[in-house]
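Taken in order, these protein sequences are the chains called U and X. According to this note's numbering, the first sequence is numbered sequentially starting from 1. According to this note's numbering, the second sequence is numbered sequentially starting from 1001. Yeah, the Cβ is synthetic: ideal placement off N, Cα and C, and Gly gets one too. The block underneath contains the structure these notes are about, expressed in structure tokens.
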Amino acid sequence: KQEVTQIPAALSVPEGENLVLNCSFTDSAIYNLQWFRQDPGKGLTSLLLIQSSQREQTSGRLNASLDKSSGRSTLYIAASQPGDSATYLCAVNPLVDSSYKLIFGSGTRLLVRP
Amino acid sequence: NAGVTQTPKFRVLKTGQSMTLLCAQDMNHEYMYWYRQDPGMGLRLIHYSVGEGTTAKGEVPDGYNVSRLKKQNFLLGLESAAPSQTSVYFCASSYTRRDGSTEAFFGQGTRLTVV
């Protein structure tokens, strides 16, 4: 059974710091991995999607990497800003069936202090 | 540019009452999902649909029913609400991209409280 873990559960950093959020999954048989951002009381916004054959994806100050063989992904945020404060969720699409459902981690709650 | 729209956004129910949550997507996606989000537990899949007229159980289906009579709509029903169903409910739809990956889009959520 696929399980997704995100460590740490919460993170507080000063503004301007570069930071890394971690995501690990137990089964490397995935279609792809997706990183989401969730603001308090809001829905999920897709940040980056990495195909199983890719190693990384970049969007602005965000860079996501994928090491499928070791079951790990990282989300790198450069020059963090208070506006980056949110919960970050990673999710994988397991290959086991054709429903393309997502298996989520519990998220990392990020606070960027001014 | 609506994407995925959920109705209602908030609801308070008494134990034993029933209700239906509506999800509508305007992106012509085949796949639709209902998740619930509870503190410290991430999102868990309740039911999903791989196309109009089809539904299937997810990880936590007990106490819920769904219907997908039209491709753009996915309804989640609670027949007899229980306090354990207090949660935030998210609807999502997804499609398969040309590169073979699938991308999911989420609604804004429905916050349900059962008292």
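Subject >> Delimiting residues of the beta strand (DSSP E) encompassing His1047 of chain X >> reply: Residue mapping note: residue 1047 of chain X aligns to position 47 of the second sequence, counting from 1. For His1047 of chain X, the uninterrupted beta strand (DSSP E) segment begins and ends at 1042-1049.
Subject >> Spatially closest choice to Arg1044 of chain X from U:Ser59, U:Ser98, U:Trp35, U:Val4, by CA coordinates >> reply: Indexing the second sequence from 1 puts residue 1044 of chain X at position 44. Ranking U:Ser59, U:Ser98, U:Trp35, U:Val4 by Cα distance to Arg1044 of chain X puts U:Val4 first.
**OP:** Answer yes or no: does any C-beta atom of chain X fall closer than 8 Å to that of Asn93 of chain U?
**Re:** Taking the first residue of the first sequence as 1, we reach residue 93 of chain U at position 93. Yes, Asn93 of chain U lies at the interface with chain X (some Cβ there is under 8 Å from its Cβ).
Original post:
Pick from U:Ser106, U:Val92, U:Pro82: whose alpha carbon is nearest that of Gln123 of chain U?
Top reply: Examination of residue 123 of chain U is not possible in this model, given that chain U is present from 1 through 114 alone.
Original post:
Comparing alpha-carbon positions, which option in X:Ser1080, X:Ala1104, X:Asp1038 lies nearest Val1004 of chain X?
Top reply: As a position in the second sequence, residue 1004 of chain X is number 4, starting the count at 1. Minimum Cα distance to Val1004 of chain X is reached at X:Ala1104.
**OP:** Let me know if Ile50 of chain U comes out buried or exposed under the rule of 16 or more other beta-carbons within 10 Å of its beta-carbon.
**Re:** Here residue 50 of chain U is taken as the residue at index 50 of the first sequence, counted from 1. Buried, since its Cβ has 16 or more Cβ neighbours within 10 Å.
**OP:** Find out if the Cβ-Cβ distance for the pair Leu44 of chain U, Ser73 of chain U is shorter than 8 Å.
**Re:** Mapped onto the first sequence, residue 44 of chain U falls at position 44. Mapped onto the first sequence, residue 73 of chain U falls at position 73. Contact: no.
Original post:
Quick one, which of X:Ala1002, X:Asn1065, X:Tyr1033, X:Met1019 has its alpha-carbon nearest Pro1008 of chain X's?
Top reply: Position 8 of the second sequence, counting from 1, holds the residue named residue 1008 of chain X. Taking only the C-alpha atoms, the option nearest Pro1008 of chain X is X:Met1019.
Original post:
If we ignore side chains and look at the alpha-carbon of each, how far apart do Ser1087 of chain X and Asn1028 of chain X end up?
Top reply: Along the second sequence, one-based indexing puts residue 1087 of chain X at 87. Along the second sequence, one-based indexing puts residue 1028 of chain X at 28. Distance between the alpha carbons of Ser1087 of chain X and Asn1028 of chain X is about 28 Å.
Original post:
What residues are listed by DSSP as bridge partners for Asn32 of chain U?
Top reply: What you label residue 32 of chain U is simply residue 32 of the first sequence in a count that begins at 1. Here Asn32 of chain U is bridged, per DSSP, to U:Gln51, U:Asn93.
Original post:
Beta-carbon of Ser1093 of chain X versus every beta-carbon of chain U: anything under 8 Å?
Top reply: By 1-based counting over the second sequence, the position of residue 1093 of chain X is 93. Answer no: the Cβ-Cβ gap between Ser1093 of chain X and chain U never drops below 8 Å.
Original post:
If contact means a Cβ-Cβ distance below 7 Å, which residues of the segment 40-61 of chain U contact chain X?
Top reply: So the close ones are Lys42, Gly43, Leu44, Ser46, Leu49, Gln51.
Subject >> Between the CA atoms of Val1114 of chain X and Lys1014 of chain X - distance to the nearest angstrom >> reply: Here residue 1014 of chain X is taken as the residue at index 14 of the second sequence, counted from 1. Here residue 1114 of chain X is taken as the residue at index 114 of the second sequence, counted from 1. Distance from the CA of Lys1014 of chain X to the CA of Val1114 of chain X, rounded to the nearest whole angstrom, comes to 5 Å.
Original post:
At a Cβ threshold of 8 Å, is Asp1099 of chain X touching chain U?
Top reply: Position 99 of the second sequence holds residue 1099 of chain X. Under the 8 Å criterion on CB atoms, Asp1099 of chain X is classed as interfacial with respect to chain U.
**OP:** Have a look at the DSSP bridge pairing and note the partners of Thr58 of chain U.
**Re:** Position 58 of the first sequence, counting from 1, holds the residue named residue 58 of chain U. Beta-bridge pairing links Thr58 of chain U to U:Asn63.
Original post:
Which residues in the same chain have their Cβ closer than 7 Å to the Cβ of Ser46 of chain U, if we skip the five residues on either side of it in sequence?
Top reply: Mapped onto the first sequence, residue 46 of chain U falls at position 46. Correct list, in chain order: Gln34, Phe36.
**OP:** Report yes or no: is there a C-beta of chain U within less than 8 Å of the C-beta of Met1041 of chain X?
**Re:** For this step, residue 1041 of chain X is matched to residue 41 along the second sequence. With 8 Å as the cut-off, Met1041 of chain X counts as an interface residue toward chain U.
**OP:** Go ahead and label Thr1055 of chain X buried or exposed: buried means 16 or more other beta carbons lie within 10 angstroms of its beta carbon, across all protein chains shown.
**Re:** In the second sequence, counting from the first residue as 1, residue 1055 of chain X sits at position 55. So Thr1055 of chain X ends up on the buried side.
Subject >> Whole-Å CB distance - Ser59 of chain U paired with Leu48 of chain U, under 8 Å assumed >> reply: Working through the first sequence from its first residue, we reach residue 59 of chain U at position 59. Working through the first sequence from its first residue, we reach residue 48 of chain U at position 48. Ser59 of chain U to Leu48 of chain U, Cβ: 6 Å. Contact.
Original post:
Taking Cβ positions only, does Ser28 of chain U come closer than 8 Å to chain X?
Top reply: Residue mapping note: residue 28 of chain U aligns to position 28 of the first sequence, counting from 1. Output row for Ser28 of chain U: interface = no.
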